[in-house]
Every structure is written in structure tokens, then in C-alpha cells.
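**Student:**
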Amino acid sequence: MKYYQKALYDEMTSFYLITCDDEGDELRRIRSLIGGLVRKARQVIGQEGDDKVRIHQLLQLFYGDWGFHCDPEHYFEAENLYLAYVLETHSGMPVSLGALLLYLADSLKLPLYPVNFPTQLILRAEVDNEVAFIDPWNGHYLSQAHLQKLYEGAFGFGAEISSEELERADVNTLLNRFRQLAKNALIRENRNDAAYRYIASLLRYHPEDPYEIRDRGLVLAQMGCYQAAAEDLQYFVDQCPQDPTSFLLTAQLAELKDHFSELH
């Protein structure tokens with residue numbers, strides 16, 4: 001079965017539509033911008049020839065000629081996940097730049113795929129039974145030794161990457177990771193209305209998911225809806241008592257109940 005390379009781009013589009021007040025004009029502009037990139041890429045790279053050369057050309061075009069980049073000063077900001085912002089400014093974070101590269105790769109029929117690496121999204125190119133890894137931060141190729149250093153930085157000296165962790169990402173796992181990143185960014189920036197809408201949209205598909213209900217509770221607490229927040233967080237603690245965040249939320253629950261009692 002063909003791997004769906006545009007899944008992450010599609011999820012970012014959904015995120016944008018749910019969390020932004022858009023009556024269609026912005027979505028048309030996004031489609032125009034990405035369509036323009038696809039047309040330019042096809043003119044420069046074409047759809048035939050050696051895939052290694054064509055992948056290198058795509059990276060040169062994307063990071064060199066077009067100037068897409070990650071801004072370390074604003075790395076975690078939610079706007080880096082908004083397609084309109086990324087396509088206009090050519091600035092984002094690895095997951096958003098990676099989503100655009102995967103979209104272009106699909107349009108060019110290039111074998112470029114996402115990897116759920118622990119530190120950030122990375123890409124893998126599969127050509128002639130060989131695999132090369134690419135950092136969507138800057139388009140540079142990553143050696144196995146460098147990947148090992150990154151892995152040890154996340155899990156401690158001596159921790160070793162398993163071969164499964166460098167395989168193509170499971171699409172559902174990839175999208176769930178993006179959703180959590182997006183929710184965290186909105187909650188951290190107190191974009192409570194947008195965060196609430198996004199979580200509500202996810203709960204329509206999984207209405208009893210304790211992690212989505214936990215995140216809704218955190219947003220409700222920031223909005224001052226203390227009773228509803230306490231109910232959501234209590235549900236999570238009851239459903240996931242062994243989760244490390246349950247111990248932290250127990251203290252927060254007591255504070256929320258105190259807030260609610262003071263108001264009544």
C-alpha cells in the first residue's frame with residue numbers, strides 16, 4: 001500500500017481551519033502558495049531522473065533558493081504550525097518544514113518519508129536499497145553517529161537507537177504527536193479559545209480519550225471554568241492513576257476546588 005506522504009500537511013491544514021477564524025480566503029491563499037511551490041519545483045527538478053540527485057535538488061531549492069529555515073528564537077511558537085505563516089515567511093519548525101517537504105516529495109514522486117525520532121521529526125530518503133536521513137531543520141544529511149548522539153541526549157549516555165525507531169513513521173502515531181505539540185503550543189501561549197476548539201474537534205472522534213479530556217481540563221482551568229476543569233482532570237486521574245502527570249494534577253485539583261468554593 002502506498003505510504004501517504006501528505007498526511008502531516010493535511011493535519012496542519014485541519015489544525016489551521018479549526019483554530020483560526022477563516023471563511024475560506026486564507027485556505028485559498030494557502031492552496032495558491034503551495035501550488036506555486038509545486039509548479040516551481042517541477043520546473044526546476046522535473047519528475048524523471050536519478051532520485052538521489054532530485055532529492056538533493058529539492059533540498060537546495062527549499063532551503064537555499066527559497067530560504068526556508070527554523071528560527072531558534074521563536075522555535076516553539078504556535079504560529080510555526082500555521083501553514084499561512086510558514087508559507088509566507090518561510091520560517092517554521094522541523095515538523096512544519098518537514099510537512100512541506102513531504103508534500104513536495106509526493107508531488108515529485110520522490111521517496112522521502114517521515115521518522116518519529118524522539119527529539120524531533122526527521123526524514124528518510126530511500127533510494128536503490130539505501131537509506132539516508134535528513135534534518136528538516138536545515139536540510140542537512142544526518143549520519144548514524146550524529147543520530148546516536150541526539151538519541152543519547154534524549155535518553156542518556158549509552159542508550160542505543162533500535163532499527164525500528166528509524167523506520168517510516170506510523171501515520172497515526174505521527175499525527176498524534178503533531179496534535180500534542182499543537183495543543184501544548186496553544187496552551188502555553190494562553191490561546192485558550194483556539195485550544196478548546198481544537199481539543200473539542202479531536203474529542204468528536206474519541207469522546208472518552210482521557211488524555212484529550214485532561215488537556216481540555218487544563219484549558220478550562222486557564223479560562224477560569226474551575227468546576228468543569230476539575231471534573232475533566234479528576235476523570236484523567238481516575239482513568240490513568242499510574243501516569244506521571246496524575247500525581248502533579250492531584251495537587252492542582254485541590255487548588256481548583258478551592259477556587260470554585262471561594263466563588264460560591
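In the UniProt record's numbering, the protein residues as written are 1 to 264. Glycine residues also receive a C-beta, built at the ideal position from the N, C-alpha and C atoms. All figures in this text were calculated on a predicted structure; none of them were measured in a lab.
Can you give me the start and stop residues for the alpha helix (DSSP H) that Y141 sits inside?
**Tutor:** Where Y141 is concerned, there is no enclosing alpha helix (DSSP H), although the beta strand (DSSP E) it sits in stretches over 140-142.
**Student:** Measure the CB-CB distance between I34 and S201 and report whether it falls below 8 Å.
**Tutor:** The answer is no: Cβ separation not under 8 Å.
**Student:** Taking the alpha helix (DSSP H) that Y4 falls in, what are its first and last residues?
**Tutor:** Careful: Y4 lies outside any alpha helix (DSSP H) and carries neither H nor E.
**Student:** L174 and L104 look like a contact to me (Cβ under 8 Å); what is the Cβ gap, rounded to whole Å?
**Tutor:** The pair is not a contact, with the Cβ atoms about 17 Å apart (cut-off 8 Å).
**Student:** Just how far apart, CA to CA, sit Y16 and L233?
**Tutor:** Near 27 Å, if we compare the C-alpha coordinates of L233 and Y16.
**Student:** How is the alpha helix (DSSP H) around F133 delimited, first residue to last?
**Tutor:** Looking at the DSSP string, F133 is not in any alpha helix (DSSP H); the run it does join, the beta strand (DSSP E), is 130-135.
**Student:** Would you mind working out which of V44, L100, N116 sits nearest E167, comparing C-alpha positions?
**Tutor:** Nearest of V44, L100, N116 to E167, Cα basis: N116.
**Student:** Please specify which runs of the beta strand (DSSP E), each continuous and at least 3 residues long, are wholly inside the region 174-203, giving them in chain order.
**Tutor:** The qualifying runs do not exist here; there are none.
**Student:** How far does the alpha helix (DSSP H) with R54 in it reach, from first residue to last?
**Tutor:** Note, R54: alpha helix (DSSP H), 51-59.
**Student:** In terms of residue numbering, what span does the alpha helix (DSSP H) encompassing L218 cover?
**Tutor:** Unbroken alpha helix (DSSP H) run through L218: 210-222.
**Student:** From which residue to which residue does the beta strand (DSSP E) around P114 run?
**Tutor:** Its beta strand (DSSP E) spans residues 112-115.
**Student:** Between which two residues does the alpha helix (DSSP H) holding L123 run?
**Tutor:** It is not in any alpha helix (DSSP H) - L123 instead sits in the beta strand (DSSP E) that spans 122-127.
**Student:** Ignore the nearest five residues each way along the sequence and tell me which others in N80's own chain have a CB closer than 6 Å to its CB.
**Tutor:** Cβ within range, chain order: G92, M93, S96.
**Student:** Does the distance from the CB of A41 to the CB of L108 come in under 8 Å?
**Tutor:** Contact: yes.
**Student:** List the endpoints of the continuous alpha helix (DSSP H) containing P94.
**Tutor:** 94-107 is the span of the alpha helix (DSSP H), which, as asked, contains P94.
**Student:** May I ask you to list the residues that DSSP assigns as paired with C70?
**Tutor:** In the DSSP output, where bridge partners are listed per residue, C70 has G92.
**Student:** Assuming contact is defined by CB atoms lying nearer than 8 Å, are F236 and R214 in contact in what I supplied?
**Tutor:** Taking 8 Å as the Cβ cut-off, F236 and R214 qualify as a contacting pair.
**Student:** For Q57, which residues from the same chain have a beta carbon less than 7 Å from its beta carbon, with the 5 sequence-adjacent residues on both sides left out?
**Tutor:** Hits under 7 Å: V44, I45.
**Student:** Taking R168 as part of the alpha helix (DSSP H), name the residues at either end of that continuous run.
**Tutor:** Counting along the chain, R168 falls outside any alpha helix (DSSP H), and DSSP gives it neither H nor E.
**Student:** Taking D243 as part of the alpha helix (DSSP H), name the residues at either end of that continuous run.
**Tutor:** Where D243 is concerned, there is no enclosing alpha helix (DSSP H), given that its DSSP letter is neither H nor E.
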